[in-house]
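Q:
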Amino acid sequence: MIENNPIGRFIAHFILILGIVIVAFPIYYTFVASTQTLQEVMRPPLSLLPGAHFWENYKAALFGGVGRIGGVGVGRLLFNTLVMALGIAIGKIVISILSAYAIVFFRFPGRMVFFWLIFITLMLPVEVRILPTYKIMVDLGLIDTYTGLILPLMASATATLLFRQFFMTIPGELVEAARVDGAGPWRFFKDILLPLSKTNIAALFVILFIYGWTQYLWPLLMTNRNDMATIVIGLRKMISFADADTEWHLVMVTSILAIVPPILVVVLMQRWFVRGLVETEK
Amino acid sequence: MASSTRVTFPNKLLPYLLLAPQLAITIIFFYWPASQAIQQSVLREDPFGLATQFVGLGNFKRVLNDPNYLNSLQVTVVFSVATALIAMALALLLAVMADKVVRGKGIYRTLLIWPYAVAPAIAGMLWLFLFNPSMGTLAYLIRSTGYNWDPLLDSGQAMVLVVAAAAWKQISYNFLFFVAGLQSIPKSLIEAAAIDGAGENKRFWTIIFPLLAPTTFFLLVVNTVYAFFDTFGIIHAVTGGGPGKATETLVYKVYNDGFVNLILGDSAAQSVILMVIVIALTAIQFRYVERKVHYG
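Those sequence lines, one after another, are chains Z and D.
Heads up: the first sequence is residues 776 to 1057, going by the numbering used here.
Heads up: the second sequence is residues 16 to 311, going by the numbering used here.
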């Protein structure tokens, strides 16, 4: 510390706490609203302490089915979202690690062409090819399927680039030693490369899980049926300011259920999360 | 990148098999539709979808002369600049404060990073719960002061609401990168300035802020990309581009013209323009990363 400045430190703590209040308040407010009855939610200002209807509301939303989305329960939406987020995270990691392995540890005609083909997809997010991609999904009959939700989002230049970068730091002697000992490409991959990549895989998993969980445009296009919607889309469908029958207290419950799982992943896997964030942004 | 001297495996067929899954997905879901978008952008279909005609750059000309498109371009710029500035300024302030405190650093970080995990659309909805005039508590407090707050009807207020939600979600990301940037500034430099009598403010603006420039620039690019593309959910869930077309961003308009209004040629031309914007932003980002590798 340059100069011992207790007042400056006090101000620093104060501003940080203010920052946390701004960051946390919308979430806390929604939680409070999720424990009230519909009548209480509709009558501002809301009390700042949670109400008495926690179990009632959460049970109703999770198992009872919500009227506005055709009676589908929030449990079903959570399951769909979990399948999508896990599918995208695991699928991306698997296909990216395989292609990075091919590009770094083999020599074959067309290697660099393939590398660039993958690299350029960075510049083609869903938003710029939205209508034709949708058409292809319709032609392939993938609307309202888990495959349709997961498969097109599995290709990722970022993950491939990350693994490639990491693989290139692995010393050639290691490969040589493995080959001298008679290990084929599969053995080398399984017994040496995968264990070495563990931290990278964990870091990437956290980032990709959140990426999958928070998708919006893609599931909006891919799902028509309410029972195939993700929780974010389901939530959007529940809300209407025009209709008086929006069940706001259940909307609040659904919001909380939609944000708690990814927040838990970020907070509990903080170390890998920060690492993954910094490394995928290169 | 000395890849020519790398030790490799001799297999001939295996690498193609390893690449196959990713290439298949890339070609079917990226290149094929992207080429369709480009093709579509130079064609025009008659209203009944019976005949298509090659119109060259006609669609682009129409889109770029369309006042609605120019409006959404302006909306996007205002929205992106405001979101990036607010999210970065608040994050920098918090990061500088977190750098100062001795105790509780870890706890502050944990409590500041979680909005990253909130989907943009949900971030928008959380702010809407607070600020919608029929049941939002904060809207109630604003209105009780006599101010006529209704973001569902007033276009300026609608913009304020979506910017607030978009910036709120991005603070945690920027915070983490600013904290890392601050940690990489040598303490000896700051100490030297302090010995020379530079006060805290002066030290920040003459040493710390200029040395953070690479981080700031990087975040500027990332935040712009975020505001352009990832905030579709906020707009769609909170305002639907309204009131009027006050919050209709470029990405929202592509979606709206393609899926709601079904103007395929125009939507495709807009997609191609967006593609050019992404390519430019990615190029800037990679140029910057290259420089960081050399000098940093």
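For every residue, glycine included, the Cβ atom is placed at its ideal position computed from N, Cα and C.
Bear in mind that the values here come from a model prediction, so they are computed numbers and not experimental data.
Along chain Z, in chain order, which residues have C-beta atoms closer than 7 Å to that of F244/D?
A: Locating residue 244/D in the second sequence gives position 229, where the first residue counts as 1. In chain order: P900, E902.
Q: In chain D, which residues lie with their C-beta within 8 Å of the C-beta of T908/Z?
A: By 1-based counting over the first sequence, the position of residue 908/Z is 133. The contacting residues are F44, P48.
Q: Answer with yes or no whether the minimum CB distance from Q1045/Z to chain D is below 8 Å.
A: Here residue 1045/Z refers to the residue found at position 270 of the first sequence. Yes, contact with chain D.
Q: If we count the other Cβ atoms within 10 Å of its Cβ and call it buried at 16 or more, is M887/Z buried or exposed?
A: As a working note, residue 887/Z is residue 112 in the first sequence. Answer is exposed; the Cβ neighbour count stays below 16.
Q: Any contact between the stretch 187-200 of chain D and the stretch 122-134 of chain D? By contact I mean 3 or more CB pairs, one from each, below 8 Å.
A: Touching, yes.
Q: Give the straight-line distance between the Cα atoms of L857/Z and L926/Z, rounded to the nearest whole angstrom.
A: Counting from one through the first sequence, the residue named residue 857/Z turns up at place 82. Counting from one through the first sequence, the residue named residue 926/Z turns up at place 151. Answer to the nearest angstrom: the Cα atoms are 15 Å apart.
Q: Between the stretch 953-971 of chain Z and the stretch 105-112 of chain D, do three or more beta carbon pairs fall short of 8 Å?
A: The answer is no - the stretch 105-112 of chain D does not touch the stretch 953-971 of chain Z, with fewer than three Cβ pairs under 8 Å.
Q: Whole angstroms is fine: what's the gap from T810/Z's alpha carbon to P166/D's?
A: Translated into the one-based positions of the first sequence, residue 810/Z becomes position 35. Translated into the one-based positions of the second sequence, residue 166/D becomes position 151. About 26 Å.
Q: Mapping the DSSP letters down to three states, classify Q68/D as helix, strand or coil.
A: Along the second sequence, read from residue 1 onward, the residue named residue 68/D stands at position 53. Strand, per DSSP.
Q: Can you check whether the C-beta of Y155/D is within less than 8 Å of a C-beta belonging to chain A?
A: In the structure shown, chain A does not exist; the protein chains are Z and D.
Q: For M929/Z, go through chain D and note every residue whose CB falls closer than 7 Å to its CB, in chain order.
A: The residue labelled residue 929/Z in the question sits at position 154 within the first sequence. Correct list: I40.
Q: Counting along the chain, where does the beta strand (DSSP E) carrying R939/Z start and finish?
A: Here residue 939/Z refers to the residue found at position 164 when the first sequence is read from its first residue. Careful: R939/Z lies outside any beta strand (DSSP E), inside the alpha helix (DSSP H) at 932-943.
Q: Confirm, please, whether the CB-CB distance from N999/Z to I918/Z is below 8 Å.
A: In the first sequence, the residue the question calls residue 918/Z occupies position 143. In the first sequence, the residue the question calls residue 999/Z occupies position 224. Against a cut-off of 8 Å, the Cβ pair of N999/Z and I918/Z comes out as a contact.
Q: List the residues that DSSP assigns as beta-bridge partners of E60/D.
A: Working through the second sequence from its first residue, we reach residue 60/D at position 45. For E60/D, which the question treats as bridged, DSSP gives the partners T67/D.
Q: Thinking C-alpha only, which one of R218/D, F193/D, F243/D is nearest T230/D?
A: To locate residue 230/D, count along the second sequence from 1; it is residue 215. Out of R218/D, F193/D, F243/D, F193/D has the C-alpha closest to the C-alpha of T230/D.
Q: Only counting the same chain, and skipping five residues up and downstream in sequence, which positions put a Cβ closer than 7 Å to that of S282/D?
A: By 1-based counting over the second sequence, the position of residue 282/D is 267. Excluding residues within five positions, the ones whose Cβ falls inside 7 Å are V269, D272, G273.
Q: Classify P781/Z as buried or exposed, calling it buried when 16 or more other Cβ atoms lie within 10 Å of its own Cβ.
A: Looking up residue 781/Z in the first sequence gives position 6. Its Cβ having fewer than 16 others within 10 Å, P781/Z is exposed.
Q: When DSSP builds the beta bridges, which residues end up paired with F881/Z?
A: Indexing the first sequence from 1 puts residue 881/Z at position 106. F881/Z pairs with F24/D.
Q: Quick one: which residues of the stretch 264-286 of chain D get their C-beta closer than 8 Å to a C-beta of chain Z? List them in chain order.
A: Cβ contacts with chain Z come from V266, V269, Y270, G273, F274, L279, S282, A283, S286.
Q: Comparing C-alpha positions only, which one of I223/D, G151/D, Q300/D, S170/D sits nearest to S822/Z?
A: Translated into the one-based positions of the first sequence, residue 822/Z becomes position 47. Residue G151/D is the option with its Cα nearest to S822/Z.
Q: What are the start and end residues of each continuous beta strand (DSSP E) run of 3 or more residues lying completely inside the stretch 143-198 of chain D, in chain order?
A: Those beta strand (DSSP E) runs which fall completely within the stretch 143-198 of chain D and span 3+ residues do not exist here.
Q: Just to confirm my understanding: we take I249/D, look at its own chain, exclude 5 residues before and 5 after, and list those with CB closer than 7 Å. What are they?
A: Numbered from its first residue, the second sequence carries residue 249/D at position 234. The residues are P135, A136, A138, G139, V177, A180, A181.
Q: Given a limit of 8 Å on CB to CB distance, which residues of the stretch 971-987 of chain Z reach chain D?
A: Listed in sequence order: I985.
Q: What's the gap between the Cα of I895/Z and the Cα of G280/D?
A: The sequence position of residue 895/Z within the first sequence is 120, counting from 1. The sequence position of residue 280/D within the second sequence is 265, counting from 1. Computed Cα separation, rounded: 24 Å.
Q: Along chain D, which residues have their Cβ under 9 Å away from the Cβ of E951/Z?
A: Taking the first residue of the first sequence as 1, we reach residue 951/Z at position 176. Here the neighbours are V22.
Q: Where does S1015/Z fall in DSSP's three states?
A: Translated into positions along the first sequence, residue 1015/Z becomes position 240. Note: S1015/Z maps to coil in three-state DSSP.
Q: How would you call G206/D, buried or exposed, if buried means at least 16 neighbouring beta carbons within 10 angstroms?
A: Sequence index remark: in the second sequence, residue 206/D carries index 191 (1-based). Before going on, a small fix: residue 206/D reads as Glu here, not Gly. That one is exposed.
Q: Out of Q300/D, V291/D, L265/D, G73/D, state which residue places its alpha-carbon closest to the alpha-carbon of Y84/D.
A: Within the second sequence, residue 84/D is the residue found at index 69, counting from 1. The shortest C-alpha separation from Y84/D is found at L265/D.
Q: Return yes when the Cβ of A261/D is within less than 8 Å of the Cβ of A154/D, no when it is not.
A: The residue given as residue 154/D occupies position 139 in the second sequence. The residue given as residue 261/D occupies position 246 in the second sequence. For A154/D and A261/D, no; Cβs fall outside 8 Å.
Q: On the three-state DSSP scale, how would you describe S972/Z?
A: Counted from its first residue, the first sequence places residue 972/Z at position 197. Coil, per DSSP.
Q: Can you have a look at A102/D and say buried or exposed, based on whether 16 or more other CB atoms are within 10 angstroms of its CB?
A: Start at 1 with the first residue of the second sequence, and residue 102/D comes out as number 87. The residue is buried, with at least 16 neighbouring Cβ atoms inside 10 Å.
Q: So, using beta-carbon positions, are L227/D and G257/D closer together than 8 Å?
A: The residue you call residue 227/D lines up with position 212 of the second sequence. The residue you call residue 257/D lines up with position 242 of the second sequence. Result no, Cβ atoms of L227/D and G257/D do not sit closer than 8 Å.
Q: Mapping DSSP to helix, strand and coil, what is N999/Z?
A: As a working mapping, residue 999/Z is identified with position 224 in the first sequence. Coil, per DSSP.
Q: Is it right to say V1026/Z is buried, meaning 16 or more other beta carbons lie within 10 angstroms of its own, or is it exposed?
A: Mapped onto the first sequence, residue 1026/Z falls at position 251. Under this definition V1026/Z is a buried residue.
Q: What residue range is occupied by the uninterrupted alpha helix (DSSP H) comprising I222/D?
A: Translated into the one-based positions of the second sequence, residue 222/D becomes position 207. No alpha helix (DSSP H) contains I222/D, which DSSP labels as neither H nor E.
Q: Quick check on this structure: which residue in S1015/Z, Q990/Z, V879/Z, L1010/Z has the alpha carbon closest to the alpha carbon of P960/Z?
A: Working through the first sequence from its first residue, we reach residue 960/Z at position 185. For P960/Z, the nearest C-alpha among the options comes from V879/Z.
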